[in-house]
Amino acid sequence: MKKIFVLAVLASGLAFGQAKKVVSSDVHWWGYKVAKSQASSHDGTITVKSGNIVMKGSEIAGGAFVLDMNSINATDVSGEMQGKLNGHLKNGDFFEVEKFPTATFKITSVKKNNDKTYNRIVSGDLTVKGKTNPVSFPANVTVKDGVVTLTSDKFSFDRQKFDVAYKSSMKDVFVKDEIEMTVKVSAK
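For reference, each letter of the sequence shown is one residue, going 1 to 188 in full-length UniProt numbering.
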């Protein structure tokens, strides 16, 4: 009976994969005014609150990440301007972090990519402000010494699909719908 139990445990591990906990992350974002240029943009960071990457052998089979929306931080400005912009991003004008303190990304598939720099296409469900939409991006996935690292190319998603709409009298005349991001997570 003991052997059957051990075999069942091993089989379930192979079937579902091994979860590795995120140990480091770097999530960077860019938002643009209508005239998309570096001079008309803001950029910053968001902290990964928790997450895991599920491995099946040497391939990613799944995973999920929780972003702490209270940590959204504009890094292209400082001082009073930074405080105002951070508050603006966190309030009802954009992310409503008091009501929606986290966002999530759940990996639904990882496929090989013919690009030498970004060897995989990662697809998943992004949930922001209670709205879920599919997002895919090219990424470089490496596995070394038990650490899995996923590093994305810059990708974009339409903020309007998540009800992240500028709530001013000018509505979204001044702000582009696309938010660009890069993501790097390591799990062990």
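Here a beta-carbon is modelled for each residue, glycine too, at the ideal position from N, C-alpha and C.
All figures in this text were calculated on a predicted structure; none of them were measured in a lab.
Exercise for the section: Report yes if the CB atom of F100 is closer than 9 Å to the CB atom of V128, and no otherwise. Expected result: Working through the sequence shown from its first residue, we reach residue 100 at position 100. Working through the sequence shown from its first residue, we reach residue 128 at position 128. Contact: yes.
Problem - Beta-carbon proximity list for T151, same chain, < 7 Å, skipping 5 on both sides - result: By one-based count along the sequence shown, residue 151 stands at place 151. Around T151: A139, N140, K184.
Handout entry: Segment contact, 8 Å Cβ cut-off, at least three pairs: the region 44-51 with the region 67-77
Key = yes
Handout entry: G146 versus K188: straight-line alpha-carbon distance, rounded
Key = Residue mapping note: residue 146 aligns to position 146 of the sequence shown, counting from 1. Residue mapping note: residue 188 aligns to position 188 of the sequence shown, counting from 1. Taking the straight line joining both Cα atoms gives about 6 Å.
Practice task
Keeping to the same chain, check which residues put their C-beta closer than 6 Å to that of D153; ignore five residues upstream and five downstream.
Solution key: Taking the sequence shown and counting its residues from 1, one reaches residue 153 at position 153. Y118, P138, listed in sequence order.
Handout entry: Beta-carbon proximity list for M81, same chain, < 6 Å, skipping 5 on both sides
Key = Numbered from its first residue, the sequence shown carries residue 81 at position 81. The answer is none, since no qualifying residue turns up.
Exercise for the section: Measure the CB-CB distance between F155 and N133 and report whether it falls below 9 Å. Expected result: Within the sequence shown, residue 155 is the residue found at index 155, counting from 1. Within the sequence shown, residue 133 is the residue found at index 133, counting from 1. Cβ distance not < 9 Å, so F155 and N133 don't count as in contact.
Exercise for the section: Could you say which of I72, A103, V148 lies nearest to A61 if we only look at CA atoms? Expected result: Working through the sequence shown from its first residue, we reach residue 61 at position 61. Looking at the Cα atoms, V148 is the closest of the given residues.
Problem - Minimum C-alpha distance to K111 - residue among A103, T102, G124 - result: Start at 1 with the first residue of the sequence shown, and residue 111 comes out as number 111. Measuring from the Cα of K111, the nearest candidate turns out to be G124.
Exercise for the section: Could you please give the first and the last residue of the uninterrupted beta strand (DSSP E) stretch that includes K106? Expected result: Indexing the sequence shown from 1 puts residue 106 at position 106. Run containing K106: 102-112, per the beta strand (DSSP E) assignment.
Practice task
Return the first residue and the last residue of the alpha helix (DSSP H) that G87 is part of.
Solution key: One-based indexing of the sequence shown puts residue 87 at position 87. From DSSP, the alpha helix (DSSP H) with G87 extends over 79-90.
Problem - Sequence-distant residues of its chain with Cβ nearer than 7 Å to T142 (five each side left out) - result: Your numbering for residue 142 matches position 142 in the sequence shown. Correct list, in chain order: T149.
Exercise for the section: State yes or no: is the C-beta of N91 within less than 9 Å of the C-beta of T45? Expected result: Within the sequence shown, residue 91 is the residue found at index 91, counting from 1. Within the sequence shown, residue 45 is the residue found at index 45, counting from 1. The answer is no: Cβ separation not under 9 Å.
Handout entry: Where S152 falls: helix, strand or coil (DSSP)
Key = Numbered from 1 along the sequence shown, position 152 holds the residue referred to as residue 152. DSSP places S152 in strand when its eight states are reduced to three.
Handout entry: Through-space distance from E178 to H42, alpha-carbon basis
Key = Taking the sequence shown and counting its residues from 1, one reaches residue 42 at position 42. Taking the sequence shown and counting its residues from 1, one reaches residue 178 at position 178. Spanning the two alpha carbons is a distance of roughly 13 Å.
Exercise for the section: Determine the extent of the beta strand (DSSP E) in which E178 is found, giving its start and end residues. Expected result: For the purposes of this step, residue 178 is taken as residue 178 along the sequence shown, with counting starting at 1. Element bounds for E178: 175-187.
Handout entry: Through-space distance from E59 to K20, alpha-carbon basis
Key = By one-based count along the sequence shown, residue 20 stands at place 20. By one-based count along the sequence shown, residue 59 stands at place 59. Looking at the two C-alpha atoms, the distance is approximately 12 Å.
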